[in-house]
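Structure first, commentary second.
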Amino acid sequence: MNSKKQTLTAWLCLLPAIIFLGAFLVYPMIDVFIYSFEEGYNFASQSYFGIGGYNYSYVLHDPYFIQALKNTFIIVLITVPLSTGIALIISLALSSIDKLRELFQTIFFLPYVTNTLAVGLVFMILFQKTAYTDGMVNLLIRFFGGESVDFIDGPYSAKMFVMCFYTIWVVLPFKILILTSNLASVDPIYYKAAKIDATPKFRIFFKITLPMISPMVFYLVITGFIGAFKAYSDEVALFGTDLNAAGMNTIVGYIYDMLYGNSGGYPSYASAAAIILFAIVFTITIINLLVSEKTVYYQ
Amino acid sequence: MKIVLEHLTKKFPNRNKKIKEDVIAVNDFDYEIPNGKLIGLLGPSGCGKSTVLNLISGLEKPTNGKIHFGDDDVTELPAENRGVGLVFQNYALYPHLNVRENIRFPLENLRGKDKMTRDEMDRKVFETAKLVQIEGLLDRKPSEMSGGQQQRVAIARALVKQPKVLLLDEPLSNLDARLRLQTREELKRIQVETGITTIFVTHDQEEAMSICDTIVVMQDGRIMQHGNPQDVYDKPDNLFVAKFLGTPQINVFKGVVKAGTVFIGNDRIMMMEEDFEDRDVFVGIRPEGFIPDDSWNGRSEASDNKERLICEFRKLEVMGRDSSILCANEYFEGTMIRAIIASGTEIKTPGGEVAFNIKPNKIHIFDAKTGKVLH
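Right under this line is the structure:
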């Protein structure tokens, strides 16, 4: 039977991936879920006190977690819309210039090929105020008559500003690349038809260009949200490994701390926090999908 | 509104960087398009007809020359302000909008005193949709419709703002044969009903001849001939036009004019009316111009110096009302001569050869060097 053999072959081809994903993705997820309900789990003795929601209530009342939650949400809500919007503007600009386009495309794409920690170091140099120097950004601020601010060790708003600036800077190139190529793939005949009908520029953008690229924009928004919720290494690059001291911890950082950090060795709390993160990202993604049904046009 | 095209020239820089000369797409195109008529721009691929359309619409700027809409010089006017309706070859319907929104799109751009309310717009959309007979499809998306329906939506979108001129770029190319016949009648009907000056571009001469009031035949960016379709068919100005119009194609022979008489090989064909120097010519004979000579009984008996063309008989194709005689002649430019006669006519083929008398109004003599018509 040809179709039976085909089905069997198909399953055989899928088998390695299923095993791999099962062992390293599905099983750990279920495991973490179970851990999160086991109270006071002890690695050494592999035993736990009981089953219940105590882990969740601890985590949700932990001030470090609340701070991390707050930080993460601020980063997500600021960087995702801003980076997508700025990428869109830059891509549109790039698509409308003719000469030197490739030069500018290269310039805008450069940050993508740099290393997170190296860039973090450079940002520290630019923004940090030490006993010896104010940092280059502060020099600029002073030049315009303001007071110098310590962006790395100073007030919370300054630190958050650098964090968002840095995050947007790092995610921008990839978004620009995707959007530029997507814009180029829109059939120019639609623009010609719109021109004949005397359509003003802003209307062309909102009624023709944007719907044509909406699947790509949607992709960038969803992956942007998911990525931003998992932010951690960018914070470490800027503020060092003791994020709690800097008040800039993120949810992922908190989970890491709970497992290995100074206060480490609490896998139950880490598991609970991980499941909370999962629930948040899941909800946001569902909301995004529901919004996309009305707004995204697939060809 | 009449359109005057004055010495229009459009040059494009050559893609091959080694060749310095520009590609001349439209070469000194000088023509006045009368108001309210259906004009066909006809020609083979690459002759510049779509470029002329783009120049009229404003999507391209001419290198030289002027364009007038009525009495206004619109050469410098951008496409947005010219008030033309353009139907693209592949329709260019906005795929994410339904039919109603597609047709309404141009109306939403109107500003100032032309600005319409939502109700007025919807009414206009419905009216235009009725004109092209798609009023039942207003809620569909373009992807949910057939080619012919999409075509009509594109026409409606072009007409809804009541343009001064309607331009169509090969509107029937993407349709199947049956739909093509149907749609071209629709086009004629719509043009007559609205009375808008309409120009459409095509490479199909049958299409152009059947519905146009005037046709303009182009080659290599130049006008080869223009006029009433029947006149252009009956009296071609040059060899190109004679060959381009007419299905089946005109039969072309190499011939000579000697002492006022036209010869194909040794066959006397006809006497020239005017005096012409002896020269080489091309003799074009329409398929319907052949009359089998019933006084012909073979070469041995042909002592009279009658005017006839002798060809080697190959085949007789009976196609219902008409029949085609396929034959060969060493001076013929092409593979097989096709002569169309009424079915049932007796054909004598002594010695495998058939002789024809030619109707004088179906012969066209062209100078071999210039291609211009002599008779």
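Residue numbers (my numbering), protein chains in the order written: chain E, 1 to 299; chain Z, 300 to 674. Just so you know, even glycine gets a beta-carbon here, dropped at the ideal spot from N, CA and C. Predicted model, so just to flag it, every value in this text is computed and none were measured.
For residue 482 (chain Z) against residue 449 (chain Z), the beta-carbon gap comes to about 11 Å, at or over 8 Å, which does not count as contact. Of the candidates E:193, E:150, E:15, E:150 places its Cα closest to the Cα of residue 132 (chain E). If you compare the alpha carbons of E:251, E:84, E:26, E:274 with that of residue 64 (chain E), the shortest gap goes to E:251.
Sequence-ordered contacts of the stretch 8-36 of chain E with chain Z are nonexistent [C-beta pairs closer than 8 Å]. In the three-state scheme derived from DSSP, where H, G and I count as helix and E and B as strand, residue 373 (chain Z) is classed as coil.
Not flagged as an interface residue toward chain Z: residue 175 (chain E), since no C-beta distance is shorter than 7 Å. Across the stretch 336-359 of chain Z, CB contacts with chain E closer than 7 Å involve 356, 358, in sequence order along the chain. In this structure, the alpha-carbon of residue 285 (chain E) lies about 11 Å from that of residue 229 (chain E). Under the criterion of beta carbons closer than 8 Å, residue 95 (chain E) and residue 180 (chain E) qualify as touching, at roughly 6 Å. Interface residue (Cβ-Cβ distance to chain E less than 7 Å): residue 405 (chain Z) is classified as such. Apart from sequence neighbours up to five positions away, the residues of its chain that approach residue 459 (chain Z) with a beta-carbon distance below 7 Å are 402, 405, 406, 423, 424, 427, ordered along the chain. Residue 340 (chain Z): member of the beta strand (DSSP E) spanning 337-341, first to last residue.
Close to chain Z, meaning a Cβ-Cβ distance shorter than 8 Å, are the following residues of the stretch 196-224 of chain E: 196, 197, 198, 199, 200, 203, 207, 208, 211, 212. Taken atom to atom, the span from the alpha-carbon of residue 99 (chain E) to that of residue 316 (chain Z) is near 18 Å.
Taking a contact to require three or more Cβ pairs closer than 8 Å, the stretch 171-179 of chain E and the stretch 75-89 of chain E qualify as touching. Taking a contact to require three or more Cβ pairs closer than 8 Å, the stretch 303-322 of chain Z and the stretch 347-362 of chain Z qualify as touching. Its chain contains 212 as the residues whose beta carbon lies nearer than 6 Å to that of residue 186 (chain E), once the 5 sequence neighbours on both sides are disregarded; these appear in chain order. At the C-beta level, residue 198 (chain E) and residue 353 (chain Z) stay beyond 7 Å of one another.
Around residue 500 (chain Z), the same chain offers 340, 348, 349, 352, 468, 469 as residues with beta carbons nearer than 6 Å, after the five sequence neighbours per side are excluded. Rounded to the nearest whole angstrom, the CA to CA distance from residue 92 (chain E) to residue 457 (chain Z) is 28 Å.
Using a Cβ-Cβ cut-off of 7 Å, residue 378 (chain Z) is close to 195, 196 of chain E, given in chain order.
Residue 311 (chain Z) does not reach chain E, its nearest Cβ partner there being about 17 Å away, counting only Cβ pairs nearer than 9 Å. Taking the Cα positions, residue 7 (chain E) is about 34 Å away from residue 443 (chain Z).
Residue 666 (chain Z) has Z:580 as its beta-bridge partners, per DSSP. Remark: fewer than three beta-carbon pairs, one from each stretch, lie closer than 8 Å, so the stretch 253-272 of chain E and the stretch 190-204 of chain E are not flagged as touching. Pairing residue 222 (chain E) with residue 288 (chain E), the inter-Cα distance amounts to about 7 Å.
In the displayed model, residue 415 (chain Z) falls within coil according to three-state DSSP, outside both helix and strand. In the three-state reduction of the DSSP assignment, residue 591 (chain Z) falls in the strand class, which pools E and B. Three or more Cβ pairs closer than 8 Å define a contact, and the stretch 392-399 of chain Z falls short of that threshold against the stretch 320-330 of chain Z. For the 7 Å CB-CB criterion, residue 496 (chain Z) and residue 464 (chain Z) form a contact. Counting only residues of its own chain and dropping the five nearest sequence neighbours on each side, residue 124 (chain E) has a CB closer than 8 Å to the CB of 152, 238. Contact annotation for residue 408 (chain Z) against chain E: 194, 197, 198, 199, 200, 203 [CB-CB distance below 9 Å, chain order]. Taking a Cβ-Cβ cut-off of 8 Å, the neighbours of residue 297 (chain E) in chain Z comprise 394, 395, given in sequence order.
Per DSSP, residue 276 (chain E) is one residue of the alpha helix (DSSP H) stretching across 267-295. When the alpha-carbon of residue 544 (chain Z) is set against those of Z:410, Z:398, Z:583, the nearest one is in Z:583. Taking all protein chains in view, the Cβ of residue 249 (chain E) is crowded by 16 or more other Cβ atoms within 10 Å, so the residue is classified as buried.
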